[in-house]
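Heads up: the sequence shown runs through residues 117 to 212, numbered per the numbering used here. Yeah, the Cβ is synthetic: ideal placement off N, Cα and C, and Gly gets one too. If you're wondering where the values come from, they're calculated on a predicted model, not measured in any experiment. Have a look at the structure below, then the notes.
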Amino acid sequence: YVGYSAAVLALARGARCLVPNDPEWELPPIRVVSFELDPVNAVIARTLLSLAGLAADVQVCVGSSTDAAHFVREQFGEASVAMLFMDHRGGIFHED
């Protein structure tokens, strides 16, 4: 719930840890979209990703995996997902 998986995935996709005052910093296209069920966990994840310099590479949203599917389809198109990683605890996403 702290954005660790999203950070690892962003780094695996080639993200560089940069902060806005770095001369090489640019807003790249978002590469990783993460969904948190709990708004507090989303704030924690956004904060830690920002501190890690990965805020431009990861978008953290609040919602379920069903919300994620609709969001990605609307924002990026039907064939836009290269990989889906679900790291819920237990059987939370069995219905999805």
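In summary, PHE201 is exposed, with fewer than 16 beta-carbon neighbours lying within 10 Å of its beta-carbon over all protein chains present. Burial state of ALA128 is exposed, judged by a 10 Å Cβ sphere holding fewer than 16 other Cβ atoms. Each residue's CA atom was taken as its position, placing CYS177 and VAL118 some 13 Å apart. Between the region 178-197 and the region 152-161 there are three or more C-beta pairs closer than 8 Å, enough to call the two in contact.
A check of alpha carbon separations from LEU125 across ILE160, PHE187, ASP173 and ALA195 identifies ASP173 as the nearest.
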